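The numbering of the sequence shown is my numbering, which starts it at 14 and goes up by one.
Scroll down for the structure; my scribbles are underneath it.
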Amino acid sequence: MSGHSKWHNIQAKKGKIDAKRGKIFTKIGKEIAIAAKDGSNPDTNSKLRDVIAKAKSNNMPQDTITRAIKKGSGEMEGINYEEIIYEGYGPGGVAVIVKALTDNKNRTAGNVRTAFTRSGGNLGANGCVGWMFNTKGQIIIERTEDMDEDDIMMKVLDAGAEDFDAQDEVFEITTSIDEFAKVRDALQNEGFKFISADINMIPDNLTAVDMETAEKVQKLIDKLEDDDDVQDVYHNADFPDEFEE
14 MSGHSKWHNI QAKKGKIDAK RGKIFTKIGK EIAIAAKDGS NPDTNSKLRD VIAKAKSNNM
74 PQDTITRAIK KGSGEMEGIN YEEIIYEGYG PGGVAVIVKA LTDNKNRTAG NVRTAFTRSG
134 GNLGANGCVG WMFNTKGQII IERTEDMDED DIMMKVLDAG AEDFDAQDEV FEITTSIDEF
194 AKVRDALQNE GFKFISADIN MIPDNLTAVD METAEKVQKL IDKLEDDDDV QDVYHNADFP
254 DEFEE
């Protein structure tokens with residue numbers, strides 16, 4: 014079973030996250046606060062439970078998680094964030110979706126628009142590229158020599174996953190949104206180590222780009238991800254194999 018691999022993109026993103034640990038804590042803290050608005054108990058708030066799992070997988074300290082929950086639930090004073098989705102085209106006609114959490118829509122919109130314009134792309138209307146993506150659970154497991162591919166595939170599919178893609182360095186697992194938490198927990202209980210486990214927007218098809226365009230697209234992604242208001246950037250660029258971040 015296979016599909017369009019996003020491993021190279023995830024690998025690059027993981028490297029940037031490792032280099033900017035403090036910033037990713039801030040961004041996950043916002044997600045926790047937003048989720049906690051619907052209840053501070055993760056046992057009854059599945060969205061909060063998923064974000065807490067994401068925070069822990071990124072080694073976020075427990076006291077930081079607790080503080081973010083209290084800010085979101087109103088137990089502590091906090092900033093009121095609003096989720097906004099931006100869509101547009103980057104260099105080479107690459108589709109780009111930007112997910113932001115902001116307390117100032119004008120500031121965020123201006124920054125996102127500028128990033129697109131300076132990259133040679135353009136910010137579009139809502140829905141202009143969203144139809145090219147599906148929201149799915151995505152789990153990346155580190156592959157080691159002692160792993161039996163067939164055995165792992167059966168465990169993954171039995172747990173409720175939709176797709177399993179075996180690659181040289183990793184196993185890439187795709188789930189529906191509803192089954193994501195169940196699959197993640199089942200694999201975690203089996204002792205698998207996750208490189209990432211999150212709800213992502215996965216493109217139906219990828220847009221191949223050459224080296225020059227790949228560099229321009231990556232600069233746009235970096236610029237967007239450096240913005241404190243931006244939580245995630247999704248795209249359908251298919252980078253050349255020789256492209257190195």
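Beta carbons are placed, not taken as given, at the ideal position from N, Cα and C, and that holds for glycine.
Quick caveat, the model's predicted, so the values are computed rather than measured.
Cut-off 6 Å between Cβ atoms - residues of its own chain near Gly143, not counting five sequence neighbours on either side: Glu100
Terminal residues of the alpha helix (DSSP H) in which Asn202 lies: Ile190 to Asn202
Buried/exposed call for Gln244, threshold 16 Cβ in 10 Å: buried
Cβ pair count under 8 Å reaching 3, the stretch 164-181 against the stretch 129-141: no
Beta carbon of Val196 nearer than 8 Å to that of Gly150: yes
Backbone secondary structure at Ile37 - three-state DSSP: helix
Secondary structure of Phe129, DSSP reduced to three states: helix
Identity of the residues DSSP links to Gly137 by a beta bridge: Glu100
Simplified DSSP assignment, three categories, for Ser53: coil
Asp10, buried or exposed, once every other Cβ within 10 Å from all chains shown has been counted against 16: Residue 10 falls outside the range modelled here, since the chain spans only 14 to 258, and no answer is possible.
Ala250 versus Ala221, Thr148, Glu238 and Met145, residue with shortest Cα-Cα distance: Ala221
Close-in-space but distant-in-sequence residues of the same chain around Lys60 (CB under 6 Å, 5 per side omitted): Ala48
Contact belief for Ile98 with Ile82 at Cβ below 8 Å, rounded distance in angstroms: Not really, about 24 Å apart at Cβ, beyond 8 Å.
Chain-order list of residues whose beta-carbon lies under 6 Å from that of Glu162 (same chain, five-residue window excluded): Ala179
Run of the beta strand (DSSP E) containing Asp223, from where it starts to where it stops: Segment: none, Asp223 is in no beta strand (DSSP E) and carries neither H nor E.
Outcome for His17 when other beta-carbon atoms lying within 10 angstroms are tallied against a minimum of 16: In this prediction, His17 scores a pLDDT of 41, lower than 50, which makes its location untrustworthy; no coordinate-derived value is stated.
Unbroken beta strand (DSSP E) run spanning Gln75, endpoints: Unbroken run through Gln75 is the alpha helix (DSSP H), Gln75 to Ser86; no beta strand (DSSP E).
Three or more C-beta pairs below 8 Å linking the stretch 225-236 and the stretch 68-86: no
Status (buried if at least 16 other CB within 10 Å, exposed otherwise) for Met89: exposed
Cα-Cα separation, Asp56 to Ile65: 11 Å
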